[in-house]
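First comes the structure, then the notes that go with it.
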Amino acid sequence: MGGLECITGEIIEEARREAERILRKADNEVEKIAAAGRAEAEKRRAEATRETAQELGKRRAMAVASSRQERRQILLQTRMEAIREAVAAAKHTIYTMEGQPYFELLMQLFRNYAQEEDGVILFSERDLARMPDGFIEKLNGTLERGSVALGTQPADIEYGFIIRYGDIEQNCCIESIFEEKKNVLEDRINRCFEDGVDA
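Numbering of the sequence shown is given in full-length UniProt numbering, commencing with residue 1 and proceeding in unit increments.
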């Protein structure tokens, strides 16, 4: 029996050593798998952090761009409102002028728009009724050549005048001049805004 026990003991010891070897190998495999899992998790965490940072950066950039666009839009609306108000104020000033200042303005317009040739000048019924004596002669005095004669019928305008040179009409009614100069006025007002204003 002693020999059998000895053989059995050796077999059990050998089995125990084999089991320990298998367990160590399994532990090593588990550690490798766990290490690989930790590395993969760290990699994914880093990617997620980077992607989140990129997404936040994109959203921040979009928010800044949106804010700038909104600010530009508000500035543009403010400029357009300022232009409308400036034009309305200028028109109101002209439309409420009486007597000499109004006709001095018409004289200046005539100097700017009249041609050096013969023509006919037409005024509104309102302006014909309040025109100072000798006004047509004063207009003609600004011309080196040609002259204008006062039209027999009033023009269908409220303020300003129309000059006819044969078939050609020079429309100098105030509304028409404002429309013609609209872009110039907008440019001047925009320059006023741009001085010291960063859009």
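Glycine included, every Cβ here is placed at the ideal spot set by N, Cα and C.
Strictly by DSSP, which residues pair up with residue i?
i           : result
residue 159 : Paired residue(s): none; residue 159 is not in a bridge.
residue 95  : Residue 95 is not bridged to any residue.
residue 165 : 168
residue 120 : 149 and 164
residue 173 : 160
Measuring only the C-alpha atoms, how far is residue i from residue j?
i           : j           : result
residue 125 : residue 64  : 58 angstroms
residue 159 : residue 74  : 34 angstroms
residue 128 : residue 108 : 18 angstroms
residue 154 : residue 190 : 38 angstroms
residue 113 : residue 173 : 11 angstroms
residue 67  : residue 54  : 20 angstroms
residue 101 : residue 176 : 20 angstroms
residue 225 : residue 21  : Any answer about residue 225 is impossible in this case: the structure gives the chain only from 1 up to 199.
residue 180 : residue 161 : 15 angstroms
residue 119 : residue 138 : 15 angstroms
residue 52  : residue 89  : 54 angstroms
residue 18  : residue 30  : 18 angstroms
residue 184 : residue 84  : 13 angstroms
residue 69  : residue 46  : 34 angstroms
Can you name, in chain order, every residue of its own chain whose Cβ lies under 7 angstroms from the Cβ of residue i, other than the five neighbours on each side?
i           : result
residue 150 : 121 and 136
residue 178 : 87 and 91
residue 82  : 189
Quick one: what's got a C-beta closer than 8 angstroms to residue i's C-beta in the same chain, skipping five residues either side?
i           : result
residue 182 : 87
residue 115 : 146, 163, 165 and 170
residue 105 : 94 and 97
residue 144 : 116
residue 131 : 103 and 123
Please classify residue i: does DSSP put it in a helix, a strand, or coil?
i           : result
residue 32  : helix
residue 181 : coil
residue 115 : coil
Using C-beta distances below 6 angstroms, list every residue in its chain close to residue i, excluding the 5 sequence neighbours before and after it, in chain order.
i           : result
residue 11  : none
residue 141 : none
Less than 8 angstroms between the CB of residue i and some heavy atom of the ligand HEM, yes or no?
i           : result
residue 166 : Within the structure as shown, the ligand HEM is missing, as the structure has no ligands at all.
task: Could you name each continuous beta strand (DSSP E) segment of 3 residues or more that falls completely within the stretch 129–154, going from the start of the chain to the end?
output: Fully enclosed beta strand (DSSP E) runs of 3 or longer: 148–150.
- prompt: If you scan the stretch 43–89 from start to end, which runs of the alpha helix (DSSP H) of 4 or more residues do you find wholly inside it?
  reply: none
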